[in-house]
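The structure appears below as C-alpha coordinates.
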Amino acid sequence: MRWLVLACAVAVALESPALAQPVAAPAYAVGDSWAYTDGRQIAVVKMDDGAPIMAGPLAVCPACLVHYDRNLAIRKVTDRAGKPVEAAKIDFLALGPEWKFYAFPLQVKKTWSFSAEGLLRGKPQRFDVSVVVAALEDVETKAGRFKAFKMERTWTTTQAGQPSKFTDIVWFAPSAKFPVKFQSSRAGVKPGELTAYKVK
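This note's numbering puts the first residue of the sequence shown at 1, with every later residue one more than the last.
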(Lines of atoms letter the chains of each structure in order from A and count residues from 1; the text may use other names and numbers.)
(Lines give C-alpha, C1' and ligand atoms only; values in the text may rest on other atoms or scores of the structure.)
Protein backbone atom coordinates (compact mmCIF):
# COMPACT_ATOMS: atom_id res chain seq x y z
CA MET A 1 0.00 0.00 0.00
CA ARG A 2 2.85 2.34 0.90
CA TRP A 3 4.45 1.91 -2.55
CA LEU A 4 1.14 2.88 -4.18
CA VAL A 5 0.90 6.08 -2.14
CA LEU A 6 4.54 6.85 -2.95
CA ALA A 7 3.98 6.18 -6.66
CA CYS A 8 0.98 8.51 -6.69
CA ALA A 9 2.97 11.19 -4.89
CA VAL A 10 5.80 10.89 -7.42
CA ALA A 11 3.34 11.05 -10.31
CA VAL A 12 1.76 14.22 -8.91
CA ALA A 13 5.17 15.74 -8.28
CA LEU A 14 6.21 15.01 -11.87
CA GLU A 15 2.96 16.25 -13.38
CA SER A 16 2.36 19.44 -11.40
CA PRO A 17 5.35 21.49 -12.66
CA ALA A 18 4.36 20.74 -16.25
CA LEU A 19 0.80 21.89 -15.61
CA ALA A 20 2.07 25.02 -13.89
CA GLN A 21 4.11 26.11 -16.90
CA PRO A 22 2.60 28.95 -18.98
CA VAL A 23 1.55 27.85 -22.47
CA ALA A 24 2.55 30.10 -25.36
CA ALA A 25 0.44 30.95 -28.39
CA PRO A 26 0.18 28.06 -30.88
CA ALA A 27 2.40 27.88 -33.95
CA TYR A 28 -0.07 27.33 -36.78
CA ALA A 29 0.65 25.80 -40.17
CA VAL A 30 -1.19 25.71 -43.49
CA GLY A 31 -3.37 22.61 -43.44
CA ASP A 32 -4.26 22.69 -39.75
CA SER A 33 -8.02 22.06 -39.56
CA TRP A 34 -10.90 21.63 -37.10
CA ALA A 35 -14.51 20.46 -37.45
CA TYR A 36 -17.25 21.17 -34.91
CA THR A 37 -20.71 19.93 -34.02
CA ASP A 38 -22.17 23.31 -35.05
CA GLY A 39 -21.19 22.53 -38.64
CA ARG A 40 -18.15 24.77 -38.93
CA GLN A 41 -15.20 23.44 -40.91
CA ILE A 42 -12.17 25.59 -40.12
CA ALA A 43 -8.78 25.42 -41.86
CA VAL A 44 -5.59 27.44 -41.98
CA VAL A 45 -5.24 28.41 -45.64
CA LYS A 46 -2.34 30.86 -45.44
CA MET A 47 0.19 32.34 -43.01
CA ASP A 48 0.91 36.06 -42.86
CA ASP A 49 4.07 36.99 -40.93
CA GLY A 50 3.52 34.12 -38.49
CA ALA A 51 -0.20 34.78 -38.03
CA PRO A 52 -2.89 32.46 -39.46
CA ILE A 53 -5.53 33.20 -42.08
CA MET A 54 -8.42 30.76 -41.68
CA ALA A 55 -11.44 29.79 -43.72
CA GLY A 56 -14.60 28.79 -41.89
CA PRO A 57 -14.56 30.37 -38.39
CA LEU A 58 -17.68 32.45 -39.14
CA ALA A 59 -20.75 30.19 -39.35
CA VAL A 60 -22.76 32.82 -41.26
CA CYS A 61 -20.03 33.21 -43.86
CA PRO A 62 -18.21 29.88 -44.43
CA ALA A 63 -16.38 31.28 -47.44
CA CYS A 64 -15.00 34.28 -45.54
CA LEU A 65 -11.31 34.38 -44.69
CA VAL A 66 -10.57 35.47 -41.13
CA HIS A 67 -7.18 37.12 -40.68
CA TYR A 68 -5.93 36.66 -37.09
CA ASP A 69 -2.96 38.10 -35.25
CA ARG A 70 -0.69 35.83 -33.20
CA ASN A 71 -2.98 36.12 -30.16
CA LEU A 72 -6.04 35.04 -32.19
CA ALA A 73 -7.56 38.53 -32.34
CA ILE A 74 -9.28 39.16 -35.69
CA ARG A 75 -7.46 41.76 -37.80
CA LYS A 76 -9.84 41.69 -40.76
CA VAL A 77 -12.35 39.57 -42.66
CA THR A 78 -12.14 39.21 -46.43
CA ASP A 79 -13.54 37.13 -49.26
CA ARG A 80 -11.36 34.63 -51.12
CA ALA A 81 -10.13 37.40 -53.43
CA GLY A 82 -8.96 39.48 -50.48
CA LYS A 83 -11.74 42.06 -50.64
CA PRO A 84 -13.29 43.26 -47.34
CA VAL A 85 -16.58 41.61 -46.37
CA GLU A 86 -19.52 43.85 -45.50
CA ALA A 87 -19.85 43.74 -41.69
CA ALA A 88 -23.66 43.97 -41.87
CA LYS A 89 -23.71 40.46 -43.34
CA ILE A 90 -22.14 39.03 -40.18
CA ASP A 91 -24.27 38.59 -37.05
CA PHE A 92 -21.45 39.54 -34.66
CA LEU A 93 -17.93 40.64 -35.45
CA ALA A 94 -15.27 41.22 -32.79
CA LEU A 95 -12.66 43.04 -34.83
CA GLY A 96 -9.35 44.47 -33.66
CA PRO A 97 -6.50 43.84 -31.19
CA GLU A 98 -8.52 45.17 -28.23
CA TRP A 99 -10.57 41.93 -28.37
CA LYS A 100 -8.31 39.92 -26.07
CA PHE A 101 -10.17 36.60 -25.98
CA TYR A 102 -6.77 35.03 -25.40
CA ALA A 103 -3.86 36.52 -23.48
CA PHE A 104 -0.98 34.17 -24.16
CA PRO A 105 0.83 32.67 -22.42
CA LEU A 106 -2.10 30.87 -20.76
CA GLN A 107 -1.84 29.74 -17.16
CA VAL A 108 -4.36 28.59 -14.56
CA LYS A 109 -5.70 31.48 -12.42
CA LYS A 110 -4.57 34.08 -14.93
CA THR A 111 -7.14 36.87 -15.30
CA TRP A 112 -7.57 39.87 -17.58
CA SER A 113 -10.31 42.15 -18.83
CA PHE A 114 -10.99 44.41 -21.77
CA SER A 115 -13.54 46.81 -23.19
CA ALA A 116 -14.10 46.73 -26.92
CA GLU A 117 -16.58 47.71 -29.60
CA GLY A 118 -18.13 44.93 -31.62
CA LEU A 119 -20.42 45.02 -34.63
CA LEU A 120 -23.90 43.53 -34.36
CA ARG A 121 -25.07 43.16 -37.97
CA GLY A 122 -22.86 46.13 -38.78
CA LYS A 123 -23.97 48.35 -35.88
CA PRO A 124 -21.40 49.17 -33.18
CA GLN A 125 -21.96 48.06 -29.60
CA ARG A 126 -19.55 48.17 -26.68
CA PHE A 127 -18.84 45.15 -24.51
CA ASP A 128 -16.89 44.81 -21.27
CA VAL A 129 -15.39 41.34 -20.89
CA SER A 130 -13.55 39.76 -17.97
CA VAL A 131 -11.70 36.48 -18.44
CA VAL A 132 -10.34 33.93 -15.98
CA VAL A 133 -8.42 30.76 -16.78
CA ALA A 134 -10.31 28.71 -14.20
CA ALA A 135 -8.65 25.30 -14.58
CA LEU A 136 -6.62 22.92 -16.68
CA GLU A 137 -8.76 19.81 -16.98
CA ASP A 138 -9.48 16.71 -19.04
CA VAL A 139 -12.26 17.25 -21.56
CA GLU A 140 -14.07 14.54 -23.52
CA THR A 141 -15.15 15.44 -27.06
CA LYS A 142 -16.22 13.58 -30.17
CA ALA A 143 -12.66 14.08 -31.42
CA GLY A 144 -11.13 12.49 -28.32
CA ARG A 145 -9.89 13.45 -24.87
CA PHE A 146 -7.86 16.62 -24.34
CA LYS A 147 -6.07 18.44 -21.57
CA ALA A 148 -7.62 21.89 -21.92
CA PHE A 149 -7.66 25.29 -20.27
CA LYS A 150 -11.16 26.12 -19.03
CA MET A 151 -11.62 29.82 -19.78
CA GLU A 152 -14.63 31.65 -18.35
CA ARG A 153 -15.58 34.93 -20.03
CA THR A 154 -18.17 37.22 -18.45
CA TRP A 155 -19.70 39.77 -20.81
CA THR A 156 -21.63 42.92 -19.87
CA THR A 157 -23.25 45.36 -22.28
CA THR A 158 -26.31 47.56 -22.70
CA GLN A 159 -29.07 46.71 -25.15
CA ALA A 160 -32.03 49.04 -25.73
CA GLY A 161 -31.03 50.93 -22.60
CA GLN A 162 -31.06 47.78 -20.45
CA PRO A 163 -27.97 46.14 -18.95
CA SER A 164 -27.23 42.64 -20.22
CA LYS A 165 -24.84 40.03 -18.86
CA PHE A 166 -23.87 36.52 -19.97
CA THR A 167 -21.02 34.05 -19.62
CA ASP A 168 -19.12 31.93 -22.14
CA ILE A 169 -16.98 28.95 -21.24
CA VAL A 170 -14.34 27.85 -23.73
CA TRP A 171 -11.98 24.91 -23.35
CA PHE A 172 -8.74 25.59 -25.24
CA ALA A 173 -6.48 22.57 -25.80
CA PRO A 174 -2.82 23.37 -26.60
CA SER A 175 -2.40 20.00 -28.36
CA ALA A 176 -5.26 20.87 -30.75
CA LYS A 177 -4.16 24.53 -31.06
CA PHE A 178 -7.80 25.66 -30.81
CA PRO A 179 -10.93 25.41 -28.63
CA VAL A 180 -12.27 21.88 -28.30
CA LYS A 181 -15.52 22.68 -26.49
CA PHE A 182 -17.66 25.75 -25.79
CA GLN A 183 -20.93 26.80 -24.19
CA SER A 184 -22.70 30.06 -23.39
CA SER A 185 -25.50 31.36 -21.19
CA ARG A 186 -26.41 33.84 -23.94
CA ALA A 187 -29.85 33.15 -25.41
CA GLY A 188 -29.75 31.37 -28.75
CA VAL A 189 -26.13 30.23 -28.51
CA LYS A 190 -25.84 26.44 -28.72
CA PRO A 191 -23.00 24.51 -27.10
CA GLY A 192 -20.53 22.74 -29.36
CA GLU A 193 -17.46 20.57 -29.44
CA LEU A 194 -14.70 19.34 -31.70
CA THR A 195 -15.54 16.35 -33.90
CA ALA A 196 -12.28 16.03 -35.87
CA TYR A 197 -9.00 17.89 -36.28
CA LYS A 198 -5.60 17.76 -37.95
CA VAL A 199 -2.58 19.76 -36.85
CA LYS A 200 1.07 19.69 -37.85
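From the three backbone atoms N, C-alpha and C, an ideal C-beta is built for every residue, glycine too.
**OP:** Consult DSSP for A73 and reduce its assignment to one of helix, strand or coil.
**Re:** Of the three classes helix, strand and coil, the one that applies to A73 here is coil, per DSSP.
**OP:** Please list, in chain order, all residues of the same chain as S185 whose beta carbon is under 6 Å from its beta carbon, the five residues on each side excluded.
**Re:** F166, T167
**OP:** Taking 7 Å as the cut-off, decide whether the C-beta atoms of V85 and I74 are in contact.
**Re:** no
Original post:
When DSSP labels each residue in this structure, what does A176 get in the three-state scheme?
Top reply: coil
**OP:** Please classify T158: is it buried, with 16 or more other beta-carbons within 10 angstroms of its beta-carbon, or exposed?
**Re:** exposed
Original post:
Three-state secondary structure (DSSP) at K83?
Top reply: coil
Original post:
Can you tell which of K46, K198, Q125, P22 has its C-alpha closest to the C-alpha of K109?
Top reply: P22
Original post:
Got a sec: does the ligand SAM put a non-hydrogen atom nearer than 6 Å to the Cβ of K150?
Top reply: The ligand SAM is not part of this structure, which contains no ligands at all.
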